[in-house]
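*Asks:* Heads up: the sequence shown runs through residues 634 to 884, numbered per the numbering used here. Before anything else, here's the structure in question.
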Amino acid sequence: MFLVATRYADAGNFKHANMFLDEVLKHDQSSEQRARRLLQKASLACRDKDPDGALEHLEKLRKDFPDAACLAEAFYLQGDVYKLKGEYEKAVEVYEEALKHNPEPRFELASAGSIGDCLFELAGRRSSQELYSRARTQYDTLLARPNLPEAVRVMLLYKSGRCSVELEEIDTAVRRYKEASGALVPGVSSAVALWGVKAVEGLVSIAENSPLASNIDAAAKAIDRQINAELVDSEQANARKGILQGKKFKP
Numbered sequence: 634m635f636l637v638a639t640r641y642a643d644a645g646n647f648k649h650a651n652m653f654l655d656e657v658l659k660h661d662q663s664s665e666q667r668a669r670r671l672l673q674k675a676s677l678a679c680r681d682k683d684p685d686g687a688l689e690h691l692e693k694l695r696k697d698f699p700d701a702a703c704l705a706e707a708f709y710l711q712g713d714v715y716k717l718k719g720e721y722e723k724a725v726e727v728y729e730e731a732l733k734h735n736p737e738p739r740f741e742l743a744s745a746g747s748i749g750d751c752l753f754e755l756a757g758r759r760s761s762q763e764l765y766s767r768a769r770t771q772y773d774t775l776l777a778r779p780n781l782p783e784a785v786r787v788m789l790l791y792k793s794g795r796c797s798v799e800l801e802e803i804d805t806a807v808r809r810y811k812e813a814s815g816a817l818v819p820g821v822s823s824a825v826a827l828w829g830v831k832a833v834e835g836l837v838s839i840a841e842n843s844p845l846a847s848n849i850d851a852a853a854k855a856i857d858r859q860i861n862a863e864l865v866d867s868e869q870a871n872a873r874k875g876i877l878q879g880k881k882f883k884p
């Protein structure tokens, strides 16, 4: 049934999608089905850029069906809505609630990672080293898990490195960025490349701000990995390396 509503939504017809779900909701007998329909309506509201409407559906789900099997997913979606609204403290609270309700592995991983993202944003707002440290701990705890999808692993490495920069632990940041950029190999997937390239930019930024030989060399090698993976024009990349080499600190 949700597939039919999704087709309406894909066509931009959110009104008909919601009308369809409302009609289905009238005939759903089980509490699990009714809870799932409310979750689907909240999801459609998010797609329709109606965060307040999504929150209304999710609050009704939590109130009317406190034992629903989809509650963890509902908390996760609610966290995403708060994050999009920039209400990071509320987002952290509901992501933590999601983790308490035995979520599926994908929602568990996403909720835990999103807590780190919200802590990072809060740290920036408050210039809080303690929050940057908590965010990094969140990412590093996830990095310790075995068998992470490669794109997730590289993303976490980049985000951990980003926290280390804010904590002024540059050597740690360089190690994280180097490991992330090491994933840039020929044939790399777009998802992995996205975060690997961000790590390269992180290394370049460090080299520009602290032009020690070790930092320049780390950035140059990362740019070489970009070239080998055919993610950047080689002529422009080599010119960029030359500029970095010219900035190298010479005691």
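Beta carbons: idealized from backbone N, C-alpha and C, even for Gly.
Beta-carbon within less than 7 Å of K881's beta-carbon, same chain only, minus the 5 sequence neighbours each way: which residues are those?
*Replies:* The answer, listed in chain order, is P844, A846 and I849.
*Asks:* Could you pull out every residue in the same chain whose Cβ sits closer than 7 Å to the Cβ of S676, ignoring the five residues on either side in sequence?
*Replies:* L710, listed in sequence order.
*Asks:* In this structure, does DSSP put G794 in helix, strand or coil?
*Replies:* DSSP places G794 in helix when its eight states are reduced to three.
*Asks:* Please list, in chain order, all residues of the same chain as A816 whose beta carbon is under 7 Å from its beta carbon, the five residues on each side excluded.
*Replies:* Closer than 7 Å at Cβ, skipping near neighbours: E783, V787, V825 and G829.
*Asks:* Among S744, L789 and Q771, which has the Cα closest to the Cα of L827?
*Replies:* Minimum Cα distance to L827 is reached at L789.
*Asks:* Who are the near neighbours of T774 in its chain, counting only those whose CB is closer than 8 Å to its CB and skipping five residues on each side?
*Replies:* Closer than 8 Å at Cβ, skipping near neighbours: A745.
*Asks:* Can you name the start and end residues of the alpha helix (DSSP H) that V725 belongs to?
*Replies:* Unbroken alpha helix (DSSP H) run through V725: Y721 to K733.
*Asks:* What's the C-alpha gap between A806 and K723?
*Replies:* If I take the Cα positions, the gap works out to 29 Å.
*Asks:* If I measure Cβ to Cβ from S761 and keep anything under 6 Å in the same chain, skipping five residues before and after, which residues do I get?
*Replies:* Result list for S761: empty, nothing under 6 Å.
*Asks:* Going by DSSP in three states, D685 sits in which element: helix, strand or coil?
*Replies:* D685 falls in the helix class under three-state DSSP.
*Asks:* To test your reading of the DSSP string, which unbroken alpha helix (DSSP H) runs of 4 or more residues are found completely within the stretch 752-837?
*Replies:* Whole alpha helix (DSSP H) segments, 4+ residues: 762-776, 783-799 and 803-814.
*Asks:* Quick check: what's the CA-CA separation for R858 versus V833?
*Replies:* R858 and V833: Cα-Cα distance of roughly 9 Å.
*Asks:* Closest to K693 by CA distance: which of E737, E720 and R669 is it?
*Replies:* When only C-alpha atoms are compared, the closest one is R669.
*Asks:* Below 7 Å CB to CB, which residues in the same chain sit around A870 once its five sequence neighbours on both sides are set aside?
*Replies:* Result list for A870: I856, Q859 and I860, in chain order.
*Asks:* L755 to Y715, Cα distance in whole Å?
*Replies:* Whole-angstrom Cα-Cα distance: 13 Å.
*Asks:* Among Y721, A731 and V725, which one has its Cα closest to the Cα of P699?
*Replies:* The shortest C-alpha separation from P699 is found at A731.
*Asks:* Which residue wins for smallest C-alpha separation from R795, given the options S823, E726, D866 and S766?
*Replies:* That would be S766, whose Cα lies nearest to the Cα of R795.
*Asks:* Per DSSP, what kind of secondary structure is K881 in: helix, strand or coil?
*Replies:* If DSSP states are grouped into helix, strand and coil, K881 belongs with coil.
*Asks:* Between which residues of its own chain and R769 is the CB-CB distance below 6 Å, once the five residues before and five after are set aside?
*Replies:* So the list reads S793 and C796, once near-sequence residues are dropped.
*Asks:* Would you call K718 buried or exposed, if buried means 16 or more other Cβ atoms sit within 10 Å of its Cβ?
*Replies:* Exposed, by the Cβ-count rule.
*Asks:* Would you call I876 buried or exposed, if buried means 16 or more other Cβ atoms sit within 10 Å of its Cβ?
*Replies:* It is exposed - the Cβ of I876 has fewer than 16 other Cβ atoms within 10 Å.
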